[in-house]
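In the numbering used here, the protein residues as written are 1 to 218. We put the beta carbon where it would ideally sit given N, CA and C, even for glycine. Worksheet for the structure shown next.
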């Protein structure tokens, strides 16, 4: 029997949004902090939601910074689209009746903005954001909430993500993890034989084919 539920990270997995997020963060630090911040430093901040990061970094200015960030992020969506191969995979899973969920550390506003723009909301039965759990990734809360909502067990789930936070959340949840490397240089990741690695669309199709009954027949 194959795994019954597919859980996806959003940024850097379903969509190549990380460059846009990084650009907007850098603009906020340049404008409100009066200094430049590297891509690596931005990525190290990822984990809590945007408002928590801006509260921590900008104090009383955080609401102004957040509004400006949201404007920057929204305007950049003209450059975003779901890759055709990813749409094919999602449509195939939906056609087979497999439940799908998103587990993201984005907040609700930015999550919905992105999903609405690329018309992905209808493909997912459950969407768990950083504001829907007490502890977002790398904690297991988001994955466990999605499984509970779907009525699925850990053994029935597979989680596909591109960051160490994703890996750690899957490990803490005791859920099978797929290391998504189609947008991320593989050299940035340590390797572990316990993880399944997907570097390309075909890799992901093969992983899903081996875990979802009848998926490979498409």
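#### Entry: Backbone CA spacing between residue 64 and residue 71 [nearest angstrom]
Reading the chain shown from its first residue, position 64 is the one you call residue 64. Reading the chain shown from its first residue, position 71 is the one you call residue 71. In a straight line, the C-alpha of residue 64 is about 11 Å away from that of residue 71.
### Message
Rounded to whole angstroms, what is the Cα-Cα separation between residue 80 and residue 66?
### Response
As a position in the chain shown, residue 80 is number 80, starting the count at 1. As a position in the chain shown, residue 66 is number 66, starting the count at 1. Their Cα atoms are separated by approximately 21 Å.
### Query
Per DSSP, what kind of secondary structure is residue 15 in: helix, strand or coil?
Within the chain shown, numbered from 1, the residue matching residue 15 stands at position 15. Note: residue 15 maps to strand in three-state DSSP.
### Query
In whole angstroms, what separates the C-alpha of residue 159 from that of residue 177?
Working through the chain shown from its first residue, we reach residue 159 at position 159. Working through the chain shown from its first residue, we reach residue 177 at position 177. Distance between the alpha carbons of residue 159 and residue 177 is about 5 Å.
### Message
Tell me whether residue 37, by its Cβ, gets closer than 8 Å to a heavy atom of the ligand FAD.
### Response
The ligand FAD is absent from the structure shown, which contains no ligands of any kind.
### Task
Just the C-alpha distance for residue 24 and residue 77, rounded to the nearest angstrom, thanks.
Translated into positions along the chain shown, residue 24 becomes position 24. Translated into positions along the chain shown, residue 77 becomes position 77. So the alpha carbons of these two residues sit roughly 12 Å apart.
### Task
Work out the CA separation of residue 173 and residue 144 for me, nearest whole Å.
Position 144 of the chain shown, counting from 1, holds the residue named residue 144. Position 173 of the chain shown, counting from 1, holds the residue named residue 173. Computed Cα separation, rounded: 7 Å.
### Query
So what does DSSP say about residue 8, is it helix, strand or coil?
As a first step, residue 8 must be located in the chain shown, where it is residue number 8. In this structure, residue 8 counts as strand in the three-state DSSP scheme.
#### Entry: For residue 86, the nearest candidate out of 211, 130, 153, 183 (CA to CA)
In the chain shown, the residue the question calls residue 86 occupies position 86. That would be 183, whose Cα lies nearest to the Cα of residue 86.
### Task
Rounded to whole angstroms, what's the CA-CA distance from residue 37 to residue 26? Just pull it up for me.
One-based indexing of the chain shown puts residue 37 at position 37. One-based indexing of the chain shown puts residue 26 at position 26. Their backbone Cα atoms lie some 6 Å apart in a straight line.
#### Entry: Of the listed residues 13, 5, 204, 18, nearest to residue 228 (C-alpha basis)
Missing from the structure shown is residue 228; the chain here goes from 1 to 218 and no further.
### Query
Which of helix, strand or coil does DSSP assign to residue 82?
For the purposes of this step, residue 82 is identified with residue 82 of the chain shown, where counting begins at 1. Three-state result, residue 82: coil.
### Task
Assuming residue 146 and residue 101 form a contact by the criterion Cβ under 8 Å, report the distance between their Cβ atoms to the nearest whole angstrom.
Looking up residue 146 in the chain shown gives position 146. Looking up residue 101 in the chain shown gives position 101. At roughly 4 Å, the Cβ-Cβ gap stays under 8 Å, so residue 146 and residue 101 are in contact.
### Message
So if DSSP puts residue 127 in a beta bridge, which residue, or which two residues, is it bridged to?
### Response
Your numbering for residue 127 matches position 127 in the chain shown. 102, per the DSSP bridge assignment.
### Alpha-carbon to alpha-carbon, residue 30 and residue 214
Along the chain shown, read from residue 1 onward, the residue named residue 214 stands at position 214. Along the chain shown, read from residue 1 onward, the residue named residue 30 stands at position 30. No answer about residue 214 holds up, because its pLDDT of 43 lies below 50 and its placement is not dependable.
### Query
Does the Cβ of residue 155 have 16 or more other Cβ atoms within 10 Å, making it buried, or fewer, making it exposed?
If you number the chain shown from 1, residue 155 lands on position 155. The residue in question, residue 155, is exposed, as its Cβ has fewer than 16 Cβ neighbours within 10 Å.
### Task
Could you please give me the residues that DSSP links to residue 180 through a beta bridge?
Locating residue 180 in the chain shown gives position 180, where the first residue counts as 1. DSSP output for residue 180 lists 198 as bridge partner(s).
### Query
Candidates 162, 103, 180, 14: which alpha carbon is nearest residue 132's?
Here the question's residue 132 lines up with position 132 in the chain shown. Considering only alpha carbons, the answer is 103.
### Query
Are the CB atoms of residue 49 and residue 140 nearer to each other than 9 Å?
Position 49 of the chain shown, counted from the first residue, corresponds to residue 49. Position 140 of the chain shown, counted from the first residue, corresponds to residue 140. The answer is no: Cβ separation not under 9 Å.
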